[in-house]
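A.B. asks: Reading the sequence shown from the start, the letters are residues 127 to 426 in our numbering.
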Amino acid sequence: MPTISICRHFLLTLALWSLVPRLGSAQFLQTMSSGVYQSTDGHVKVIVGNNEGAQGIFVVYLKEEIAPQEFNAEKIPTKNATHAFISFEPTEENGYNRLTVGEKNFKIVGNLTLHLGDGGGVSVNIDNTAPYLTITQRGQGKAAEALVGFYGTTPVVQGSGALATILTANQLSPEISKVIKPYELRSEGLFLNGKEIDSPNIGLFITREHECLKPNTSVLTLSQLKQIQASKGEVAQAKLLEQHLRDNQKRSPTRGLLVLRADTQAPVVMLNISEKNVFDLRGIKNSFSAKKICVLSPIS
């Protein structure tokens, strides 16, 4: 019989229960109908631009905090502040196509992670395969504390604590992150590995190799798997499996889901944009089929 680790899902559930905002924990709040998001500690401001010729995400890190109710989006401070504008063009392959820092413009090619602020306290993560962008405020130990995420320029997720970690875009495995470092935006310019960038292009395309995302992999929902497990005998199980797979060919369980994380050594993390539900997709061992099977399970 195939099994899904009850303990593993229990731990995920516990982690998601811990996402309920706690007093003193950082959060992003939408403070204006025009699309302004502010961290509760007053250091980070995010402004969404949807005007013709200025479509994109403007991120501001302030060394000296400004309370959310005192912030004026039309009078953004320049002293002790770091600014970055990420342009978005929905008709281009690289939706997030340009980074503007002061008078300098950099063409974005693929995905990237950009750190702003003292010690990289704010992280802008871009995954152009979606396109999906997150702004994450990081706390002590560089753990994600608060996050706001966009699909293009449409806000799709907000989270704090463990959920912010799960939802962060362009996550790399520990092995790859040792080689592919984040860009750093300082007051004196844009840097990578301690050297100022003199190239007009930034970013890197990374191909997802997770087995559950390959075309020849069969996907079941958790409820479908439970139905198969409840059937008696391998013949009945195999018959029900084929029925579910035929049904899923008509409408894939992963249709409309945004891939947020696809580390090869961990489950794929996916988001239902319209309903804001988070899922994981992982391979299972089974005795009723020679096919590679992955199961889609809700975790929030």
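Heads up, the beta-carbon is just placed ideally off N, CA and C, and yes, glycines get one too. Note that the structure is predicted; figures quoted are calculated from it, not measured.
Is it a yes or a no for the stretch 282-295 touching the stretch 196-204, going by three-plus beta-carbon pairs under 8 Å?
C.D. replies: As far as the Cβ criterion goes, the stretch 282-295 does not touch the stretch 196-204, which means the pair count is below three.
A.B. asks: Using the Cα positions of Leu225 and Asn327, report the straight-line distance between them to the nearest angstrom.
C.D. replies: Between Leu225 and Asn327, the C-alpha separation is close to 10 Å.
A.B. asks: Nearest-angstrom Cα distance between Gln156 and Tyr163?
C.D. replies: When rounded, the distance between both Cα atoms is 4 Å.
A.B. asks: Out of curiosity, what's the CA-to-CA distance linking Leu259 and Gly275?
C.D. replies: Going by the C-alpha atoms only, they are around 6 Å apart.
A.B. asks: Tell me the DSSP secondary structure of Lys83 in three-state form.
C.D. replies: Since the displayed the chain opens at 127 and closes at 426, residue 83 lies outside it and no answer follows.
A.B. asks: Which runs of the beta strand (DSSP E), 3 residues or longer, sit entirely within the stretch 259-306?
C.D. replies: As far as the stretch 259-306 is concerned, its whole beta strand (DSSP E) runs of at least 3 residues are 270-277, 280-286.
A.B. asks: Take Glu360 and list the residues in its own chain whose beta-carbon comes closer than 6 Å to its own, dropping the five residues that flank it on each side.
C.D. replies: The residues are Phe414.
A.B. asks: Phe331: buried (16+ other C-beta within 10 angstroms of its C-beta) or exposed?
C.D. replies: It counts as exposed.
A.B. asks: Does the beta-carbon of Gly257 have 16 or more other beta-carbons within 10 angstroms, so that it is buried, or is it exposed?
C.D. replies: Correcting the residue type first, residue 257 is Pro in the shown sequence and not Gly. The residue is buried, with at least 16 neighbouring Cβ atoms inside 10 Å.
A.B. asks: Would DSSP call Arg148 helix, strand or coil?
C.D. replies: At Arg148, the pLDDT of 39 sits below 50, so the modelled position is not reliable; the number obtained from the coordinates is stated separately. In this structure, Arg148 counts as coil in the three-state DSSP scheme.
A.B. asks: Is DSSP giving Asp373 helix, strand or coil here?
C.D. replies: Looking at Asp373 - three-state DSSP - the assignment turns out to be helix.
A.B. asks: Just to confirm, are Val174 and Val248 a CB contact at a threshold of 9 Å?
C.D. replies: The answer is no: Cβ separation not under 9 Å.
A.B. asks: In angstroms, rounded to a whole number, what distance separates the CA positions of Ser344 and Asp373?
C.D. replies: Answer to the nearest angstrom: the Cα atoms are 12 Å apart.
A.B. asks: Between which two residues does the beta strand (DSSP E) harbouring Ile173 extend?
C.D. replies: Where Ile173 is concerned, the enclosing beta strand (DSSP E) stretches over 170-177.
A.B. asks: Could you give the first and the last residue of the continuous beta strand (DSSP E) run that contains Val162?
C.D. replies: 162-165 is the span of the beta strand (DSSP E), which, as asked, contains Val162.
A.B. asks: Going by CA-CA distance only, name the one from Leu240, Leu346, Arg264 that's closest to Leu311.
C.D. replies: Ranking the options by Cα distance to Leu311, first place goes to Leu240.
A.B. asks: Rounded to whole angstroms, what's the CA-CA distance from Gly228 to Pro203? Just pull it up for me.
C.D. replies: Cα to Cα, the separation comes out at about 13 Å.
A.B. asks: What residue range is occupied by the uninterrupted beta strand (DSSP E) comprising His209?
C.D. replies: Its beta strand (DSSP E) spans residues 207-214.
A.B. asks: May I ask which residues mark the beginning and end of the beta strand (DSSP E) holding Ile252?
C.D. replies: Here the beta strand (DSSP E) through Ile252 covers 248-253.
A.B. asks: Contact defined as beta carbons within less than 8 Å: I believe Gly182 pairs with Phe214. What is the distance between those atoms, to the nearest angstrom?
C.D. replies: Confirmed, Cβ separation roughly 5 Å.
A.B. asks: Can you name the start and end residues of the beta strand (DSSP E) that Asn403 belongs to?
C.D. replies: Looking at the DSSP string, the run of the beta strand (DSSP E) that includes Asn403 is 403-409.
A.B. asks: Whether or not the stretch 349-364 and the stretch 392-402 are in contact is what I'm after, with contact meaning three or more pairs of Cβ atoms, one per stretch, closer than 8 Å; do they touch?
C.D. replies: Counting Cβ pairs under 8 Å, fewer than three are found: no touch.
A.B. asks: Does DSSP put Val235 in a helix, a strand or coil?
C.D. replies: Residue state, collapsed to three classes: coil.
A.B. asks: Could you tell me how far apart the beta carbons of Asn237 and Asn254 are, in whole angstroms, since I believe they sit closer than 8 Å?
C.D. replies: Sure, about 6 Å apart at Cβ, within 8 Å.
A.B. asks: What does a CB cutoff of less than 6 Å around Pro379 pick up in its chain, not counting 5 residues either side in sequence?
C.D. replies: Closer than 6 Å at the Cβ level, and outside the excluded window around Pro379, lie Val345, Thr347, Leu422.
A.B. asks: If you draw a straight line from the C-alpha of Leu339 to the C-alpha of Asn412, how long is it?
C.D. replies: Taking the straight line from one Cα to the other gives about 18 Å.
A.B. asks: Grab the span of the beta strand (DSSP E) containing Thr347 for me, first residue to last.
C.D. replies: Per DSSP, Thr347 belongs to the beta strand (DSSP E) from 344-347.
A.B. asks: Find the nearest neighbour of Pro281 within the set Gln363, Ile425, Phe154, judged by alpha-carbon distance.
C.D. replies: Closest by alpha carbon: Phe154.
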